[in-house]
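Using this note's numbering, the first residue of the sequence shown is number 59, and each one after it goes up by one.
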Amino acid sequence: MSIIILAIESSCDDTAAAVIRDGRVISNVVADQEIHARYGGVVPELASRAHQANIVPVVDAALKESGVSADQLSAIAFTRGPGLMGSLMVGVAFAKGLAISHNIPLIDVHHLHAHVLAHFAEPPMPEFPFLCLLVSGGHTQIMLIHDHLNLELLGSTQDDAAGEAFDKTGKLLGLGYPAGPEIDRIARSGSPVFDLPHPRLPGYQFSFSGIKTAIRYFLEAEVRNNPWFIQESLPDICASIQHHIVEILLDKLILAARDTQISQVAIAGGVSANSALRQRFEEVGRKEGWTTYIPPLAYSTDNAAMIGITGYYKYLAGELASMDIRPEARIPLDR
Ligand code: KG4
Ligand code: ZN
59 MSIIILAIES SCDDTAAAVI RDGRVISNVV ADQEIHARYG GVVPELASRA
109 HQANIVPVVD AALKESGVSA DQLSAIAFTR GPGLMGSLMV GVAFAKGLAI
159 SHNIPLIDVH HLHAHVLAHF AEPPMPEFPF LCLLVSGGHT QIMLIHDHLN
209 LELLGSTQDD AAGEAFDKTG KLLGLGYPAG PEIDRIARSG SPVFDLPHPR
259 LPGYQFSFSG IKTAIRYFLE AEVRNNPWFI QESLPDICAS IQHHIVEILL
309 DKLILAARDT QISQVAIAGG VSANSALRQR FEEVGRKEGW TTYIPPLAYS
359 TDNAAMIGIT GYYKYLAGEL ASMDIRPEAR IPLDR
């Protein structure tokens, strides 16, 4: 008999649902929330309200698209955290209600675990053990993946995440939220001609908060000389920021791969949608002799397919959640 899992993701500002049959994605629906663009960032209270409005139509669309009915489901997987508490609560409460009404088990999923297992949504899939650079709006880490359910954290950011570095510098440039995709687009017509200070942190640790400050001082100085500097040089500024972030990320990934002697290497998370990171990662991989894995764009940014894939492997291992489980805004990866 098939194992069919309905997955729900509501950790930040995307309401998403997907159906996974025997580890394959058969539907994947995401409703993003445009409301936050107006405020230059995600407003938690507005995100919770939008999830509340979106969750029924999104789950309904995912079920319809899959051709599966709710009583065929084997289990319901949901994002337990990390994320915004109010947003998580909407997904968790909905998952519980549906599980109780259909008398099926619940599976709690760690959002970052899911970003990594997005690589198992479709071939080619990495072989164990592999390294994964996870770069999202809230996290930047290098992980050693021993198997589907066993992830070891090697290093992470000490302050801002790579996605925040894109979003916060973009805000200084007057770009909308999230600025990451905008910087990616504008940088295509520019060159990385401006230098930025390279943080020197030990091991596999990252720091991105200095970039925002460096960019602010740099822009202030340039605009004093030429009030039109930002408008005139926007593509070069974007290309410089992007190049800088990508090189910091890849330097540490190269270090981790050389130290661990692991040549199966992956990237994951929203920032792995960045075209310069994808391209440089391939180039570096060729030079270093890696087999590289890049998730399809739909599985890079937040989605429920990755929650369902992780739910599937947890289901196979019998790792189910109890009905009194609660969402958590912060959860270490080893729980
Ligand atoms: O994984 P994700 O969708 O949500 C979180 O779990 O945080 O990541 C969102 C982050 C945002 O900071 C966004 O600006 C960034 O991913 N992002 C990008 C690109 N697409 C999304 N950053 C740079 N270039 C992109 N193309
Ligand atoms: Zn995410």
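Each residue gets a CB set at the ideal place from its N, CA and C atoms; glycine is no exception.
- Spatial neighbours of residue 262 in its own chain (CB-CB distance under 7 Å, excluding positions within 5 residues in sequence) are listed in chain order as 200, 212, 213, 310, 313 and 314.
- Taking a cut-off of 8 Å for Cβ pairs, the stretch 154–167 and the stretch 367–383 touch, as three or more such pairs fall below it.
- Residue state for residue 235 is assigned as coil, using DSSP reduced to three classes.
- Between the stretch 383–391 and the stretch 182–195, the count of Cβ pairs shorter than 8 Å is below three; the stretches do not touch.
- Taking every residue with its beta carbon within less than 5 Å of a heavy atom belonging to the ligand KG4 gives, in chain order, 194, 195, 196, 221, 224, 225, 236, 238, 239, 242, 327, 328, 329, 331, 332, 359 and 360.
- Inclusion of residue 158 and residue 231 in the CB contact set at 8 Å is not warranted, their separation being larger than that value.
- Relative to the ligand ZN, the beta carbon of residue 177 is positioned no closer than 7 Å to any heavy atom.
- If you look at residue 190, you'll find it in the beta strand (DSSP E) that goes 188–193.
- Counting C-beta atoms within 10 angstroms of its own C-beta, residue 79 has 16 or more neighbours from the protein chains shown and is therefore classed as buried.
- Between the stretch 263–279 and the stretch 225–242, the count of Cβ pairs shorter than 8 Å is three or higher; the stretches touch.
- For residue 333, the enclosing alpha helix (DSSP H) stretches over residues 333–346.
- Under the DSSP definition of a beta bridge, residue 167 partners with 137.
- Nearest C-alpha to residue 140 among 360, 317, 86 and 240: 360.
- With 16 or more other Cβ atoms inside 10 Å of its own Cβ, residue 302 counts as buried.
- Around the Cβ of residue 364, a 10 Å sphere holds 16 or more other Cβ atoms; the residue is buried.
- Separation of residue 328 and residue 82 (C-alpha to C-alpha, rounded to the nearest whole angstrom) is 21 Å.
- Taking a contact to require three or more Cβ pairs closer than 8 Å, the stretch 325–344 and the stretch 242–251 qualify as touching.
- In this structure, 221 is the residue among 221, 119 and 290 with its C-alpha nearest to the C-alpha of residue 235.
- When C-beta atoms of the stretch 62–69 are compared with those of the stretch 137–157, three or more pairs fall below 8 Å, so the two segments count as touching.
- With respect to residue 217, residue 267 sits close: the two C-beta atoms are nearer than 8 Å.
- Going by beta carbons, residue 349 and residue 321 fall inside the 8 Å limit.
- By the Cβ neighbour-count rule, residue 319 is exposed, with fewer than 16 other Cβ atoms within 10 Å of its own.
- With fewer than 16 other beta carbons inside 10 angstroms of its own, residue 155 counts as exposed.
- Judged by DSSP secondary structure, residue 213 falls within the beta strand (DSSP E) whose first and last residues are 208–214.
- When DSSP states are grouped into helix, strand and coil, residue 148 belongs to the helix group.
- For the pair residue 120 and residue 85, the CB atoms are nearer than the 8 Å cut-off.
- Residue pairing from DSSP places residue 201 in a beta bridge opposite 190 and 211.
- Within the same chain, Cβ atoms closer than 7 Å to the Cβ of residue 308 are found at 338, 339 and 342, the five residues on either side in sequence being excluded.
- In the assembly as shown, residue 247 is an exposed residue. Its beta-carbon has fewer than 16 other beta-carbons within 10 Å.
- For residue 171, the shortest C-beta to heavy atom distance toward the ligand ZN is 7 Å or greater.
- Taking a C-beta distance under 8 Å as the contact criterion, residue 109 and residue 100 do not qualify as a contact pair.
- As computed with DSSP, residue 64 is found in a beta bridge with 77 and 134.
- The criterion of a C-beta distance shorter than 8 Å is not satisfied by residue 76 and residue 173.
- Setting aside the 5 residues that flank it on each side, residue 175 is surrounded in the same chain by 206, 364, 367, 368 and 371, each with a C-beta closer than 8 Å to its C-beta; the list follows chain order.
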